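Residue numbers (our numbering): 116 to 515. Notes to accompany the following structure.
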Amino acid sequence: MSLGISGVYQMRLKIGDIDVPITPNNVTRFEITEYLDRFLPTIYINFRDTSGFLTHLTHFDSRYNTLTVSFSNDSNIDAQKDIKFKVFRRKPESIVQMSNDVSINGVLDVKNIFSPNYERGWELKSIEEIINEISAEIGFTTTQINVGLTQPVSIVQPNWTNSQFLNYLCDNVACTNGDFAFFAFVDIPGFLKTRLNFMSLTNLLKQKSVQTFINLSEVKNSDDMPIYSYNIIDSYDLVAHLGIEKQTYGYFDYLTGEYITRTIDLEDADFVSLSNYYAYDSNDSIGGLSQNLIGTTNRFSLDYEPVARGNYYKKSNSLVKIWIHSSGTNKINPGNIVKIIFPETSQGESISSYQYSGYWLVEQIKHTFGSTYITSLLLTRPGFDTDQTTTFVKAKKIKK
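Below is the structure:
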């Protein structure tokens with residue numbers, strides 16, 4: 116039996132090779148989450164296990180430690196692909212004579228990413244070729260790789276796992292088109308394939324918006340989506356103490372034998388924002404933390420500007436976040452750009468006065484399945500859009 120709503124979605128689940136009947140009566144929580152800042156999507160399911168079968172009688176050995184889900188929606192009811200998750204945590208809970216539940220957590224089932232370690236190297240190969248080779252080794256369906264990574268490099272994977280090596284590339288890669296702040300993450304476009312992404316923040320921010328969300332329970336335009344609720348997270352004063360006004364960093368130059376110290380000032384950064392203003396007050400003077408002893412130069416890392424500038428840009432784009440909750444959709448992926456509109460106006464105020472309106476980067480997507488299908492998005496950007504007078508620092512805004 117599948118979980119779903121006629122004309123909206125259908126979801127099937129198998130534990131190992133066994134089809135599991137899932138209904139709102141026996142599944143109280145069913146979530147699949149994709150991330151921009153983590154490698155793999157996760158799954159969380161909470162079963163009502165009144166018989167104790169899943170708790171006491173099912174051994175989650177190699178026969179049963181794989182969850183397989185198949186999703187289809189109303190636009191293509193016949194398009195289903197099996198997406199497999201590996202169980203990594205199981206939490207049975209019981210209140211005697213009242214309830215018996217078991218929670219199962221899983222992560223996308225892939226091989227050769229967190230183990231084993233590899234000792235190998237590449238001579239005069241591009242980062243794009245190396246990532247495609249690793250993607251095929253892990254078994255992803257497809258890849259999405261940043262432009263500007265075709266320059267030949269020589270590099271070693273020194274007894275690291277593939278996840279460690281990809282993290283190293285994210286921090287240290289120098290892109291020929293000047294992109295910085297790379298992410299390596301896996302998403303599941305349309306729940307039809309698994310994709311390894313190696314994309315820069317500066318490139319992602321240049322994309323066109325894929326969806327408009329309006330702060331209404333019902334929308335008139337069928338292309339727009341409603342916002343049922345939202346939660347705002349303003350962490351800018353905390354992040355400012357990590358270094359927003361400027362970023363100082365230092366590294367050891369192996370060829371000259373010198374320790375190099377450099378500074379990136381906010382006004383000199385070539386970071387282009389989704390918002391009109393950084394959430395950093397021009398009246399503040401917070402030096403922030405410096406990045407010391409980043410590393411020693413080598414044939415691959417000729418200097419450590421990619422490390423410092425990448426960290427700086429990621430902090431700058433994390434000053435303000437918002438969770439929005441809307442109707443279920445499988446058409447948005449981590450790293451997409453979406454637009455939020457707050458249509459409410461009061462006397463003397465326009466729509467552009469609403470500081471959380473405008474464009475946002477998708478950092479996390481949570482799909483919740485049950486008697487309804489809800490998609491929750493964690494969105495992030497450097498600050499605010501407003502036509503009101505403010506002492507926040509003006510940003511170089513991307514034109515959409």
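Beta carbons: idealized from backbone N, C-alpha and C, even for Gly. Note that the structure is predicted; figures quoted are calculated from it, not measured.
Report the start-end ranges of each beta strand (DSSP E) in the segment 194-277 that is 3 residues or longer and not cut off at the edges. 197-210, 214-223, 233-241, 257-260, 267-275
Comparing C-alpha positions only, which one of ALA510, LEU281, VAL288, PHE255 sits nearest to GLN266? Translated into positions along the sequence shown, residue 266 becomes position 151. The residue with the shortest Cα to Cα distance from GLN266 is VAL288.
Can the beta-carbon of ILE160 be found less than 7 angstroms from the beta-carbon of PHE175? Mapped onto the sequence shown, residue 160 falls at position 45. Mapped onto the sequence shown, residue 175 falls at position 60. Cβ distance not < 7 angstroms, so ILE160 and PHE175 don't count as in contact.
Who are the Cβ neighbours of LEU434 in its own chain at under 6 angstroms, not counting the five residues just before and after it? In the sequence shown, counting from the first residue as 1, residue 434 sits at position 319. If we look at LEU434 and ignore the five residues flanking it on each side, its Cβ neighbours are TYR351, VAL354, ALA394, PRO497, GLY498.
Supposed close pair ILE490, GLY443 - CB separation, criterion 8 angstroms: Translated into positions along the sequence shown, residue 490 becomes position 375. Translated into positions along the sequence shown, residue 443 becomes position 328. For clarity, residue 490 is Thr in the given sequence; the question names Ile instead. Going by Cβ atoms, the distance from THR490 to GLY443 rounds to 5 angstroms, so yes, they are a contact pair.
Name the one or two DSSP bridge partners that VAL508 has. Position 393 of the sequence shown, counted from the start, is the residue given in the question as residue 508. Answer by DSSP bridge pairing: none, since VAL508 is not bridged.
How about the segment 267-282 and the segment 314-321: do they share at least three Cβ pairs that are nearer than 8 angstroms? no
For VAL453, I'd like the list of residues in its chain whose CB is within less than 8 angstroms of its CB, leaving aside the five on either flank, ordered along the chain. Position 338 of the sequence shown, counted from the first residue, corresponds to residue 453. Same-chain partners within the cutoff: SER324, VAL325, GLN326, THR327, PHE328, ILE447, TYR474, TRP475, VAL477, LEU492, LEU494.
List in chain order: all unbroken alpha helix (DSSP H) runs of 4+ residues lying wholly within the segment 366-449. 420-431
Exposure of VAL262, with buried meaning 16 or more beta-carbon neighbours within 10 Å: Here residue 262 refers to the residue found at position 147 when the sequence shown is read from its first residue. Burial call: exposed.
Residues in its own chain within less than 6 angstroms of TYR93 by CB, not counting five upstream and five downstream? Outside the displayed span of the chain (116 to 515) sits residue 93, for which this structure offers no information.
Environment of PRO156 [buried if 16+ CB atoms lie within 10 Å]: Numbered from its first residue, the sequence shown carries residue 156 at position 41. So PRO156 counts as buried.
Does the CB of ASP134 have a neighbour CB from chain C at under 7 angstroms? Going by chain labels, chain C is absent from the structure shown, which holds only one protein chain.
Beta-carbon gap between PHE300 and LEU404 smaller than 7 angstroms: Along the sequence shown, read from residue 1 onward, the residue named residue 300 stands at position 185. Along the sequence shown, read from residue 1 onward, the residue named residue 404 stands at position 289. The answer is no: Cβ separation not under 7 angstroms.
Would you kindly work out how many angstroms separate the C-alpha atoms of THR256 and ILE375, rounded to a whole number? As a first step, residue 256 is located in the sequence shown; it is residue number 141 there, counting from the start. As a first step, residue 375 is located in the sequence shown; it is residue number 260 there, counting from the start. Distance between the alpha carbons of THR256 and ILE375 is about 43 angstroms.
Should ASP164 go down as buried or exposed, given a rule of 16 or more other Cβ atoms within 10 Å for buried? Here residue 164 refers to the residue found at position 49 when the sequence shown is read from its first residue. By the 10 Å Cβ count, ASP164 comes out buried.
Taking three-plus beta-carbon pairs below 8 angstroms as touching, is the segment 274-289 in contact with the segment 333-344? no
Residue closest to LEU281, alpha-carbon to alpha-carbon, out of ASP349, ASP294, ASN292, PHE298: Translated into the one-based positions of the sequence shown, residue 281 becomes position 166. Comparing Cα positions, the closest option is PHE298.
Residue ranges of each alpha helix (DSSP H) within the segment 311-367, 4 or longer: 316-319, 351-355
By how many angstroms is the C-alpha of PRO458 removed from the C-alpha of ASP502? Position 387 of the sequence shown, counted from the first residue, corresponds to residue 502. Position 343 of the sequence shown, counted from the first residue, corresponds to residue 458. If I take the Cα positions, the gap works out to 15 angstroms.
Cβ-based burial, PHE168 [other Cβ within 10 Å; buried from 16]: Translated into positions along the sequence shown, residue 168 becomes position 53. PHE168 should be labelled exposed.
From SER209 to ASN215, what does the alpha carbon distance come to, in whole angstroms? Position 94 of the sequence shown, counted from the start, is the residue given in the question as residue 209. Position 100 of the sequence shown, counted from the start, is the residue given in the question as residue 215. Rounded to the nearest angstrom, the two C-alpha atoms are 4 angstroms apart.
Close Cβ partners of ILE260 (< 6 angstroms) along its chain, the five nearest in sequence each way excluded: Along the sequence shown, read from residue 1 onward, the residue named residue 260 stands at position 145. Once the five neighbours on either side are set aside, the close Cβ partners of ILE260 are GLU243, ILE246, PHE313.
What does DSSP give as the partner residue(s) for THR483 in the beta ladder? The sequence position of residue 483 within the sequence shown is 368, counting from 1. Partner(s): GLU146, ILE489.
Going by DSSP in three states, GLN470 sits in which element: helix, strand or coil? The residue labelled residue 470 in the question sits at position 355 within the sequence shown. Looking at GLN470 - three-state DSSP - the assignment turns out to be coil, as it is neither helix nor strand.
Take the Cβ of ALA251 as the centre, count every other Cβ of all protein chains shown within 10 Å, and call the residue buried at 16 or more, exposed below. In the sequence shown, residue 251 corresponds to position 136, counting from 1. Under this definition ALA251 is an exposed residue.
Can you name the residues that DSSP bridges to GLY498? Counting from 1 along the sequence shown, the entry for residue 498 is found at position 383. GLY498 pairs with TYR393.
For the structure I just gave you, are there three or more beta carbon pairs, one from the segment 421-439 and one from the segment 302-309, closer than 8 angstroms? no
For the structure I just gave you, are there three or more beta carbon pairs, one from the segment 358-372 and one from the segment 404-415, closer than 8 angstroms? yes
As assigned by DSSP and simplified to three states, the class of GLY292: Along the sequence shown, read from residue 1 onward, the residue named residue 292 stands at position 177. Reading off the sequence shown, one finds Asn at residue 292, where the question assumed Gly. Coil, per DSSP.
Write down the C-beta distance between VAL202 and ASN180 rounded to the nearest angstrom, noting that I regard them as a contact closer than 8 angstroms. As a first step, residue 202 is located in the sequence shown; it is residue number 87 there, counting from the start. As a first step, residue 180 is located in the sequence shown; it is residue number 65 there, counting from the start. Right, their Cβ atoms sit about 4 angstroms apart.
For PHE229, does the count of other Cβ atoms within 10 angstroms reach 16, so buried, or fall short, so exposed? The residue given as residue 229 occupies position 114 in the sequence shown. It is exposed - the Cβ of PHE229 has fewer than 16 other Cβ atoms within 10 Å.
Using alpha carbons as the reference points, say which of SER166, HIS440, TRP237, ILE342 lies closest to PRO207. Along the sequence shown, one-based indexing puts residue 207 at 92. Cα-wise, what sits closest to PRO207 is SER166.
Nearest to GLY293 (by Cα), restricted to the options LEU311, SER416, ASP380, ARG424: Here residue 293 is taken as the residue at index 178 of the sequence shown, counted from 1. The shortest Cα separation from GLY293 among LEU311, SER416, ASP380, ARG424 belongs to ARG424.
Does the Cβ of ASN407 lie closer than 6 angstroms to at least one heavy atom of the ligand MG? The ligand MG is absent from the structure shown, which contains no ligand whatsoever.
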